[in-house]
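Inspection log for the structure reproduced underneath, given as structure tokens.
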Amino acid sequence: MDRDPSKKLLGMNPEQLGAVAAAVGLRSFAARQIASWLYVKRAVSIGQMTDLSKNARARMDAEGYYVGREEPKLEARSTDGTVKYLFEGVRGRDIEAVYIPDKDRATLCVSSQAGCRMGCRFCMTGQGGWQGNLDTGAIINQILSIPESESLTNIVFMGMGEPTDNIEAVLGAIDILTSPWGMAWSPRRITVSTIGKPEGVRLLLDRTQVHMAISVHSPFALERERLMPVEKAFPMRDILPMLRDYDFAHQRRLSVEYTMFAGINDDERHADALARELKGTDARVNLIRFHRTPGFEGRPSDRAVMERFRDRLNELGVVATIRASRGEDIDAACGMLAGKKQSNN
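17 is the number of the first residue of the sequence shown in my numbering; add one for each residue after it.
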């Protein structure tokens, strides 16, 4: 039976839960009680909310309210410990969350959309198109519903979708993650990765203290546009001056995501130009080994080439590191497992 999405409690804040409480005849303080059950005690049903009266819980059920937690549909485990989870998405397009353990860190990459409108040539998610936005509850569900949920140390909005293209739902999820009435995480444990949609970036900078990661992939506009068509609509030259207005050195971290493609963006000319573009931003560069995707002819850069690129950036005063490649044996690159599942249906 299809349920009314407006009755789903997961994803609601205290103001919204206050309206639910009023609708079933509860006093206003019940909103905080319900929030605690959802985000602290992690209830999966209204029946578990035992500090609400039995009559109140019955009224909530009768009115069609429900928690809205959903378990993963499928999982794929890598030999390196990475786990990719597949969740119910939108209009038949499943979504992914990827769990990445690394020494004392346990990171979850979460999706914000089913598919993506940005159309990056090298991204499997972009090749599959866009089916819809996730609501705040569907984003939080990925975090609460994996077996490793209690051990998570970091959240990265770097799964399927462009977070700034679904900004209100993403801001709602960050609010739940960081508020005292919610999960009470430090915003320093959260990173949002974005292609740089200006209005969404501005809202994230003004309304949160989370870390930011900007996808660049080439310092040259025409080359970036060939890799990322959104460069035409949202050019890097408009984003970088905005970022210079914020104090990333002391309050939060700014990173640049730079996927390296052999013979396309991995020579000294690109390193020098990237260093010039990033001057004055305090940005750190994450060099990423490309995971091959169907439909894109690019090849990953050799390790030695990546090391030379890293060393050149460091010589020029830009802190650069090579991100460890994880989960290639389970198609951990964004959108690949969901794409395979969809093609098999």
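In this text, a Cβ means the ideal position worked out from N, Cα and C, and glycines have one as well. Just so you know, these numbers come straight off a predicted model, no measurement behind them.
Grab the span of the beta strand (DSSP E) containing R93 for me, first residue to last. Counting along the chain, the beta strand (DSSP E) containing R93 begins and ends at L90 to R93.
Measure the CB-CB distance between C136 and M174 and report whether it falls below 8 Å. Going by beta carbons, C136 and M174 fall outside the 8 Å limit.
Would you kindly check if the distance between the Cβ of W197 and the Cβ of P30 is under 8 Å? With a cutoff of 8 Å on beta-carbon distance, P30 and W197 are scored as near each other.
Cβ atoms of F264 and N212: under 8 Å apart, would you say? Here residue 212 turns out to be Gly, not Asn, going by the sequence shown. Not closer than 8 Å, so no.
Return the CA-CA distance between S209 and R75, expressed in angstroms with no decimal places. So the two alpha carbons sit approximately 41 Å from each other.
According to the Cβ coordinates, are L26 and G153 closer than 8 Å? The answer is yes: Cβ separation under 8 Å.
Start and end of the beta strand (DSSP E) containing M276? Bounds of the beta strand (DSSP E) holding M276 are L270 to M276.
Taking the straight line between their C-alpha atoms, what separation do you get for G279 and A299? Rounded to whole angstroms, G279 to A299 spans 24 Å at the Cα level.
Any idea if R315 is buried or exposed, counting beta-carbon neighbours within 10 angstroms, 16 or more meaning buried? Under this definition R315 is an exposed residue.
Alpha carbon to alpha carbon, how far is R308 from R73? CA-to-CA, the gap between R308 and R73 works out to about 50 Å.
How far does the beta strand (DSSP E) with G105 in it reach, from first residue to last? Residues V99 to V106.
To the nearest angstrom, how far is the alpha carbon of N330 from that of E215? Rounded to whole angstroms, N330 to E215 spans 31 Å at the Cα level.
Hey, could you find the ends of the alpha helix (DSSP H) S52 is sitting in? Per DSSP, S52 belongs to the alpha helix (DSSP H) from A46 to Y55.
Do L150 and S127 count as a contact pair if the criterion is CB distance below 8 Å? Contact flag set, yes.
Suppose you measure from the CA of S22 to the CA of E241; what does that come to, to the nearest Å? Roughly 39 Å separates the two Cα atoms.
Can you check DSSP and say which residues form a bridge with E184? Note: E184 sits in no beta bridge, so no partner.
Go ahead and label E112 buried or exposed: buried means 16 or more other beta carbons lie within 10 angstroms of its beta carbon, across all protein chains shown. When all chains shown are included, E112 counts as buried.
Use the C-beta contact count for R342: other C-beta atoms within 10 angstroms, 16 or more gives buried, fewer gives exposed. Per the 10 Å Cβ criterion, buried.
Taking C-alpha atoms, which residue in L238, I62, D191 and Y55 lies nearest to L219? When only C-alpha atoms are compared, the closest one is D191.
Using the DSSP secondary-structure output, state which residues sit across from W146 in a beta bridge. Bridge partners of W146: G131.
Kindly indicate which three-state DSSP category F325 falls into: helix, strand or coil? Helix, per DSSP.
Do R93 and V99 have their CB atoms nearer than 8 Å? Yes, Cβ-Cβ distance for R93 and V99 is below 8 Å.
Is the beta carbon of T169 sitting closer than 8 Å to the one on A122? Between T169 and A122, the C-beta gap is smaller than 8 Å, which places the two residues in contact.
Given this structure, state the Cα-to-Cα distance separating M28 from F306, to the nearest angstrom. Straight across, the Cα-Cα distance linking M28 with F306 is about 37 Å.
With distances taken from CA atoms, which of A51, S161 and R43 is nearest Y101? For Y101, the nearest C-alpha among the options comes from S161.
What are the boundary residues of the beta strand (DSSP E) that includes H233? H233 -> no beta strand (DSSP E), and no H or E assigned at all.
Skipping 5 residues on each side, what residues in its chain have a beta carbon closer than 6 Å to that of T194? Result list for T194: W201 and P203, in chain order.
Taking the alpha carbon of A273 as the reference point, which residue from E91, R319, V335 and G34 has its own alpha carbon closest? The identity of residue 273 in the sequence shown is Glu, whereas the question assumes Ala. Closest in C-alpha terms to E273, from the list E91, R319, V335 and G34, comes V335.
C-alpha distance - T297 paired with L259, whole-angstrom precision: If I take the Cα positions, the gap works out to 7 Å.
Applying the 10 Å Cβ sphere with the 16-neighbour rule, what's the burial state of P179? Around the beta carbon of P179, 16 or more other beta carbons lie within 10 angstroms, which makes this residue buried.
DSSP bridge partner residues for I62 (one or two, in chain order): In the DSSP output, where bridge partners are listed per residue, I62 has none listed.
To which residues does DSSP link S209 through a beta bridge? Looking at the DSSP assignment, S209 forms a beta bridge with A229.
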